[in-house]
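These notes are about the structure you will find just below.
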Amino acid sequence: METSLRYGVDSKALKIHAKERFAIDSITHLQVYGELDTRIGAPSYVSAMIRHFYPYLSASLRVGLQYDKHEKGFSCDK
């Protein structure tokens with residue numbers, strides 16, 4: 019898991035970012051991202067995405083969901 023601490027000057031809050039990638043098989047994996055705003059004690063961004071690689075086409079397909087506090091809700095990513 020990759021983690022980082024970021025300080026937003028505009029919001030004057032410390033945010034904890036985390037990123038993890040789980041291998042499902044050799045050409046498919048699940049990516050999960052998150053951001054916790056320590057000022058309000060709640061997540062401000064969450065994303066989960068399944069990514070499948072097609073090596074013979076030099077392409078990939080990804081499908082997932084994300085929640086962004088600033089966009090006020092969930093959205094689909096494809």
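The sequence shown runs contiguously to residue 96 in the working numbering.
Glycine included, C-beta positions come from ideal geometry on N, C-alpha and C.
For residue 86, the first and last residue of its enclosing beta strand (DSSP E): DSSP places residue 86 inside the beta strand (DSSP E), whose first and last residues are 77 to 86.
Beta bridge counterpart(s) of residue 55 as assigned by DSSP: 33, 60
Contact under 9 Å by Cβ, residue 79 with residue 56: No; because the gap between Cβ atoms is not below 9 Å, this pair is not in contact.
Close-in-space but distant-in-sequence residues of the same chain around residue 64 (CB under 6 Å, 5 per side omitted): 52, 85
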